[in-house]
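Numbering (this note's numbering), first residue to last: 40 to 395. Built from N, CA and C at the ideal position, the CB exists for glycine as well. Bear in mind the structure is a predicted one, so any value in this text is a computation, not a measurement.
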Amino acid sequence: MIRLSASPADLERAAGIIKAGGIVAFPTETVYGLGADAFNTQALARVFEAKGRPRFDPLIIHIAGMEGLYRIADFAALSPGNITLLEKCAAAFWPGPLTFVIPKGPEVPDLATAGLPAAAVRFPSHPAARELIRLTGLAVAAPSANPFGRLSPTRAEHVIESLGEKIDAVVDGGPCSVGVESTVLDISGEVPRILRPGGISREQLEALIGPVFGAASGPVPSALTSAAPSPGMLKSHYAPNIPLVLHSPEEMAALPFSPDEGFLFFSGKNRDLWLQRNHREGTACCIALSKKGDTMEAAANLFDCLHRLDNAETLPEEGFPFRGHPGLRRIHAETLPEEGLGAAVNDRLRRAAALS
Ligand code: TXA
Ligand code: MG
40 MIRLSASPAD
50 LERAAGIIKA
60 GGIVAFPTET
70 VYGLGADAFN
80 TQALARVFEA
90 KGRPRFDPLI
100 IHIAGMEGLY
110 RIADFAALSP
120 GNITLLEKCA
130 AAFWPGPLTF
140 VIPKGPEVPD
150 LATAGLPAAA
160 VRFPSHPAAR
170 ELIRLTGLAV
180 AAPSANPFGR
190 LSPTRAEHVI
200 ESLGEKIDAV
210 VDGGPCSVGV
220 ESTVLDISGE
230 VPRILRPGGI
240 SREQLEALIG
250 PVFGAASGPV
260 PSALTSAAPS
270 PGMLKSHYAP
280 NIPLVLHSPE
290 EMAALPFSPD
300 EGFLFFSGKN
310 RDLWLQRNHR
320 EGTACCIALS
330 KKGDTMEAAA
340 NLFDCLHRLD
350 NAETLPEEGF
360 PFRGHPGLRR
370 IHAETLPEEG
380 LGAAVNDRLR
390 RAAALS
């Protein structure tokens, strides 16, 4: 695996590797993706293999401009209403953390969509991602660059630790700013629905296009949709190696301190109150996702904090992890208010907890 920077010369090199059928991890504003030429089935097969991802779980196709959309989508199969909706959402949120599921055009290989008649497409805003995709002259299929079912990567180091030699290169563009994956909005059926909560909140979408089904609002009436449920939304996903238990803020506040467990709070205030109650100083295994209790900041820190707790060593009495100690036994995490990006963070935490 070659480690590249986001310099123009290195992005050229990364684009060359993708054009030649290689697989390259690259930063986006949400999480790092593992990119391959979306039209090259052999390259796509390598992505599935490197991730250990089942073939029934389709990939998001990344584009670097609206013209890419015309190559991926079959506009003739979209209702006029949904075309308007797509145009409105794209004008408001693209480039950015929103993915559309739309009827796929003939050029898109079945492997990319796992045989589904619809494709997922996203125009990321991260400058290195945009430039890389532009330089390939292609569309780039990219799932998150982590082994299937594990924590998503928000730093190049996360990718290197978990996929290392299985991939050809990684472009290091520093930490991702949004920190949770894109919102997946399905407009291939009659009504729009959220298949996965993510970087664009339900509130943002609904302010623009009115009520949207899916995710927190409960199941979509089957008469209203012909599309299959998102195949990637398995119950256990985004999981650390050690068990994670999810708590309400009240439950979390009442937990006793334990030196071999990790504690992940929403806000600095909640963490500090808990430390006081337990007569403790700050410790490295007791983390607040956002000092000021902001859901956007919490989302940006989520996966990095989970990676840190997952790899932390147990605390000696003084309060800092030191080498040679075994890892933590368990992570306790506090649910966020179910608003804004809090919904996406809670979704990831619930899935991480489902494995425990
Ligand atoms: O932010 C993101 O979306 C990141 C970055 C790299 O762009 N990518 C990402 O990809 O999260 P992945 O593969 O980890 O998750 C893609 C999600 C899965 O839940 C998958 O099932 C769903 O999108 N998806 C992809 N294609 C679909 C399709 N044709 N129909 C329904 N759901 C689809
Ligand atoms: Mg993923």
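As the crow flies, the alpha-carbon of P145 is around 10 Å from that of P156. When distances are taken from the beta-carbon of V140 to the heavy atoms of the ligand TXA, the shortest one is below 7 Å. Restricting attention to L108, S216 and L234, the CA atom closest to the CA of T334 is found in S216.
Counting only residues of its own chain and dropping the five nearest sequence neighbours on each side, R42 has a CB closer than 8 Å to the CB of A195, I199, A208, V209 and D211. Annotation for H276: no alpha helix (DSSP H) segment contains it, and DSSP assigns it neither H nor E. Contact between A131 and L247 holds: their C-beta atoms lie close to 6 Å from each other, under 8 Å.
With 16 or more neighbouring CB atoms inside 10 Å of its own CB, Y277 falls in the buried class. In this structure, the C-beta of S164 stays at least 7 Å away from each heavy atom of the ligand MG. Taken from the Cβ of S221, every heavy atom of the ligand MG lies 7 Å or farther away.
Contact annotation: A327 and L380 have beta-carbon atoms that are not nearer than 8 Å.
Following the DSSP letters along the chain, one finds A327 inside the beta strand (DSSP E) bounded by residues C325 to S329. Of the residues P136, R368, A153 and G228, the one whose Cα lies closest to the Cα of V70 is P136. At least one heavy atom of the ligand MG falls within 7 Å of the beta-carbon of S191. For I248, the secondary structure class from DSSP, reduced to helix, strand or coil, is helix. Of the other Cβ atoms in all chains shown, 16 or more fall within 10 Å of the Cβ of F305; this residue is therefore buried.
Boundaries of the beta strand (DSSP E) harbouring V284: L283 to H286, taken from the DSSP string.
When secondary structure is reduced to three states using DSSP, G253 falls in the strand class.
Each residue's CA atom was taken as its position, placing N317 and F302 some 13 Å apart. Taking 7 Å as the cut-off, one finds at least one heavy atom of the ligand MG near enough to the beta carbon of P182. Annotation for E373: no alpha helix (DSSP H) segment contains it, though the beta strand (DSSP E) segment containing it runs R369 to E373. With contacts defined as CB atoms closer than 8 Å, I57 and G72 fail to qualify as a contacting pair. No Cβ-Cβ contact shorter than 8 Å links A168 with P97. With a threshold of 16 other beta carbon atoms within 10 Å, K331 falls short and is exposed. The shortest C-alpha to C-alpha distance from I172 to any of L312, A151, E51 and A391 is the one to E51. Straight through space, the alpha carbons of H197 and F252 are spaced by roughly 33 Å.
Relative to the ligand TXA, the beta carbon of R169 is positioned no closer than 7 Å to any heavy atom. The secondary-structure analysis by DSSP pairs F139 across a beta bridge with V160 and L224. Judged by the Cβ position, H197 fails to qualify as a neighbour of the ligand TXA at the 7 Å threshold, every heavy atom of the ligand being at least this far. Separation of the CB atoms of F162 and I99 is rounded to 11 Å, and the pair is thereby denied contact status at 8 Å. L348 and L375 have their C-alpha atoms roughly 18 Å apart.
If you compare the alpha carbons of I111, V230, D386 and A393 with that of V179, the shortest gap goes to I111. In this structure, the C-beta of T69 approaches the ligand TXA to less than 7 Å from one of its heavy atoms.
At a cut-off of 7 Å, the beta-carbon of G72 counts as near the ligand TXA: some heavy atom of the ligand is closer than that. Burial state of S240 is buried, judged by a 10 Å Cβ sphere holding 16 or more other Cβ atoms. In the DSSP assignment, A64 falls within the beta strand (DSSP E) that extends over V63 to F65.
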